[in-house]
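Okay, structure first, notes after.
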Amino acid sequence: MIGAYPSVVVRVVSALLSPFILLFGLYIIAHGHYGPGGGFAGGVFVAAAVILPRMTLDEELAYRLAPPWLGPAAGGIGMLLFLAVATVPLALGGDFLDYAMVEIAGVAASRIRYLGILVVEIAVGIAVFGSVVLIFDVLTGKSDA
Amino acid sequence: MIVALDIAIFVIMLLTAALALRVKDLLTAVALLAGYSLVASVLFIGVAALDVGLVEAALGAGITGVLFIAAILLTTRRSVARERPKQQALTMVLIAGFFGLMVFASTDLPDRGDPEAPAQTGVSTVYVSQSLADTETPNVVTSLLADYRSQDTLGETLVILTAALAAALVLMRRPEDDAVEDERAKAAVEDERATDAVGGERATDAGEEQP
């Protein structure tokens, strides 16, 4: 499961594919406004891009690319980012999670809600990525959390 | 909606689910469940639920299989045959009754895509018609998840993170566990040496045991 896979074909294909899976995951997160996807699906794809090298490449290399502390750290950061975005309108006198209360000069309220959705999707993506990587690392016994 | 495709999908889903229960090799069962999820994602995409289909394909057919395989590598690959429970007839009657109840209830459901369905006449009309003006987001699912109903999404994310942390707490290998295992291994080695020592090699063994 963990460590270099015996077949060189599998190793090379995994090493070539994982950056593109990562890119696709980021695209899914960022493109949620216009197509299927968003934070949940994108976060899973980004996690797949981290898990694939762990299963096929040399152990030292795979964990240098994405160290084991990344899972819990990303989970916490994503959740905190979501909560921070949620409480900003509250501090400005609006409702919880009501992004339209944040007023930026020259930006329409609908545009601010659009940006709020983007930040929320990124936060969800980071949290889901962290959760999946954390579960994988704990199952394979590599977590140092 | 293509009826033949739907029937084929349901038949494949039933077959893979039943086979996954029957096979003794757990790795095969995981592969069957991944196939089940992939066909389920085709079903979701068939009813134009693209977001759900994407998540099902990525999570159900991809990551879940990897996590299952990791769990199999930690435990065992063969499933153990369970002894048949005594109240099997009662269980079958309960399952058949529940199935009949579900089929009976499903006859009252509105047709798929019916514009008069309760789900289409309530607050969702506002979301569908106002999403573009309110949030500049053409994908209503995204604006629903992250804007109109973002509190639900906050809760969902919290649930996912909590589940991952709980799994980590249950499965994590603590240093003291390793210490206990090391001590056990050392004790086993010493037992072996004790039996070897009968052969008169006590002096060399004692020398080796000095750290």
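Chains A and B supply the protein sequences, listed in that same order. The numbering of the first sequence is the working numbering, which starts it at 3 and goes up by one. The numbering of the second sequence is the working numbering, which starts it at -4 and goes up by one. Cβ coordinates follow ideal geometry from the N, Cα and C atoms, glycine included.
Q) Secondary structure at Asp97 (chain A), three-state DSSP: helix, strand or coil? A) Assignment of Asp97 (chain A) by DSSP, reduced to helix, strand and coil, places it in the coil class.
Q: Compute the Euclidean distance between the alpha carbons of Ala141 (chain B) and Ile155 (chain B), then round it to the nearest angstrom.
A: In a straight line, the C-alpha of Ala141 (chain B) is about 16 Å away from that of Ile155 (chain B).
Q | the stretch 42 to 52 of chain B contacting the stretch 93 to 106 of chain B, beta-carbon criterion three pairs below 8 Å | A | The stretch 42 to 52 of chain B makes no contact with the stretch 93 to 106 of chain B, as fewer than three CB pairs between them are under 8 Å.
Q: Quick one: grab the DSSP three-state call for Asp60 (chain A).
A: Asp60 (chain A) carries a coil assignment under DSSP once its states are collapsed to helix, strand and coil.
Q | First and last residue of the uninterrupted alpha helix (DSSP H) at Arg17 (chain B) | A | Run containing Arg17 (chain B): Val(-2) to Arg17, per the alpha helix (DSSP H) assignment.
Q. Of all Cβ atoms in chain B, is any one closer than 8 Å to the Cβ of Tyr29 (chain A)?
A. By this cut-off, Tyr29 (chain A) is not an interface position.
Q: Look up Asp271 (chain B) in the DSSP assignment and say whether it is helix, strand or coil.
A: What is shown of chain B runs -4 to 206, which leaves residue 271 (chain B) out entirely.
Q: Spell out a yes or no on whether the stretch 68 to 82 of chain A and the stretch 120 to 131 of chain A are touching, meaning 3 or more CB-CB pairs, one atom from each, closer than 8 Å.
A: Contact annotation: the stretch 68 to 82 of chain A touches the stretch 120 to 131 of chain A, with at least three C-beta pairs closer than 8 Å.
Q: Would you tell me roughly how many angstroms separate the C-alpha atoms of Leu89 (chain B) and Lys81 (chain B), rounded to the nearest one?
A: Taking the straight line joining both Cα atoms gives about 14 Å.
Q: List the residues of chain A that Val50 (chain B) touches, going by C-beta distances under 8 Å, in chain order.
A: One finds Phe42, Ala43 and Val46 in chain A with Cβ atoms closer than 8 Å to the Cβ of Val50 (chain B), taken in chain order.
Q) Just checking, does the stretch 112 to 128 of chain B make contact with the stretch 30 to 47 of chain A on the three C-beta pairs under 8 Å criterion? A) No: the two stretches stay apart, fewer than three of their Cβ pairs being nearer than 8 Å.
Q: Give the residues of chain A in contact with Ser145 (chain B), contact being defined as C-beta atoms less than 7 Å apart.
A: The answer, in chain order, is Leu99 and Val122.
(Q) Using a Cβ-Cβ distance cut-off of 8 Å, determine whether Ile119 (chain A) contacts chain B. (A) For Ile119 (chain A), the answer is yes, since a Cβ of chain B falls inside 8 Å of its Cβ.
Q: From the DSSP output, in three-state form, read off Asp20 (chain B) for me.
A: Looking at Asp20 (chain B) - three-state DSSP - the assignment turns out to be strand.
Q. Apart from the five residues just before and just after Asp97 (chain A), which ones in its own chain have a Cβ nearer than 8 Å to its Cβ?
A. Annotation for Asp97 (chain A): Pro91 and Met103 place their beta carbon closer than 8 Å to its own, counting only its chain and skipping 5 residues before and after.
Q) So, is Pro70 (chain A) buried or exposed, given that buried needs 16 or more other C-beta atoms within 10 angstroms? A) The residue in question, Pro70 (chain A), is buried, as its Cβ has 16 or more Cβ neighbours within 10 Å.
Q) Within 8 Å (strictly less), CB to CB, does Leu16 (chain B) reach chain A? A) By this cut-off, Leu16 (chain B) is not an interface position.
Q. To the nearest angstrom, how far is it from the Cα of Val126 (chain A) to the Cα of Arg144 (chain B)?
A. The straight-line gap from Cα to Cα measures roughly 14 Å.
(Q) In this structure, how does DSSP classify Arg168 (chain B) when only helix, strand and coil are distinguished? (A) In the structure shown, Arg168 (chain B) sits in coil (DSSP, three-state: anything other than H, G, I, E or B).
Q) Between Leu83 (chain A) and the rest of its own chain, which residues show a CB-CB distance below 6 Å, the 5 nearest in sequence each way excluded? A) Excluding sequence neighbours, Leu83 (chain A) sits near Ala125.
Q. Are any of the Cβ atoms in chain A nearer than 8 Å to that of Met87 (chain B)?
A. Residue contact check for Met87 (chain B) against chain A: no CB pair falls below 8 Å.
Q. Enumerated in chain order, which unbroken segments of the alpha helix (DSSP H) with a length of 4 residues or greater are wholly contained in the stretch 22 to 89 of chain A?
A. Correct list: 41 to 58 and 61 to 67.
**Q.** DSSP-derived helix/strand/coil call for Arg73 (chain B)
**A.** Three-state DSSP puts Arg73 (chain B) in a strand.
Q.
Between Asp200 (chain B) and chain A, is any beta-carbon pair separated by less than 8 Å?
A. With a pLDDT of 45 at Asp200 (chain B), under the threshold of 50, the modelled position of this residue cannot be trusted; read the value that follows with caution. Asp200 (chain B) does not count as touching chain A.
(Q) Can you find the residues in the same chain that come closer than 8 Å, C-beta to C-beta, to Thr132 (chain B), ignoring five residues on each side of it along the sequence? (A) Only residues of its own chain outside the window of five on either side were considered, and among them Ser126, Ser138 and Asp142 have a CB closer than 8 Å to the CB of Thr132 (chain B), listed in chain order.
Q.
To the nearest angstrom, how far is the alpha carbon of Ile106 (chain A) from that of Leu59 (chain A)?
A. Whole-angstrom Cα-Cα distance: 47 Å.
Q) Does DSSP classify Val15 (chain A) as helix, strand or coil? A) In the structure shown, Val15 (chain A) sits in a helix (DSSP, three-state: H, G or I).
Q. Is the number of C-beta pairs between the stretch 64 to 75 of chain B and the stretch 21 to 29 of chain B that are closer than 8 Å three or more?
A. Result yes; three or more Cβ-Cβ pairs closer than 8 Å.
Q. So does the stretch 5 to 17 of chain B actually touch the stretch 13 to 25 of chain A, counting three or more Cβ pairs closer than 8 Å?
A. Using a C-beta cut-off of 8 Å, the stretch 5 to 17 of chain B makes no contact with the stretch 13 to 25 of chain A, since fewer than three inter-stretch Cβ pairs fall below that distance.
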